[in-house]
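Note sheet for the following structure.
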Amino acid sequence: MLKPINTQQKLTLKIRILIGIIAVPSLTLAAMIVSMLINQTAGDVSFFEVLYSLVGVFAMYIALTGKKFF
Numbered sequence: 007m008l009k010p011i012n013t014q015q016k017l018t019l020k021i022r023i024l025i026g027i028i029a030v031p032s033l034t035l036a037a038m039i040v041s042m043l044i045n046q047t048a049g050d051v052s053f054f055e056v057l058y059s060l061v062g063v064f065a066m067y068i069a070l071t072g073k074k075f076f
């Protein structure tokens, strides 16, 4: 018999909404960093800010898809 390819459990809708709300400040920071790169003032960006933005993008991906990574 064929087994379903996607048997991974997804997060509940309440958890996904909570993760999405928490990720909004990180996405705002990511937008500010992109704006700074466009304006060529990227020297003022620290490593922590970039890392925080990447975590926010990853959290939004989890919120949208519902996949469990851990």
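For the sequence shown, this note's numbering assigns the number 76 to the last residue and increments by one with no breaks. Glycine is no exception: its CB is placed at the ideal position from the N, C-alpha and C atoms. Note that the structure is predicted; figures quoted are calculated from it, not measured.
Spatial neighbours of residue i in its chain, beta-carbon cut-off 7 Å, leaving aside the 5 residues before and after
i: Tyr58; result: Ser32, Leu35
Which of helix, strand or coil DSSP assigns to residue i
i: Lys77; result: A query on residue 77 cannot be resolved here, the shown segment of the chain reaching from 7 to 76 and no further.
i: Ser52; result: coil
i: Thr34; result: helix
Cut-off 6 Å between Cβ atoms - residues of its own chain near residue i, not counting five sequence neighbours on either side
i: Ala48; result: Met42
i: Lys73; result: none
Extent of the continuous alpha helix (DSSP H) to which residue i belongs
i: Lys16; result: No alpha helix (DSSP H) contains Lys16, which DSSP labels as neither H nor E.
Exposure label - residue i; buried when at least 16 CB within 10 Å
i: Ala37; result: exposed
Neighbourhood of residue i by C-beta distance below 8 Å, restricted to the same chain and skipping five residues each side
i: Ile27; result: none
Residue i to residue j span [Cα, whole Å]
i: Ile25; j: Phe75; result: 14 Å
i: Ala29; j: Gln15; result: 22 Å
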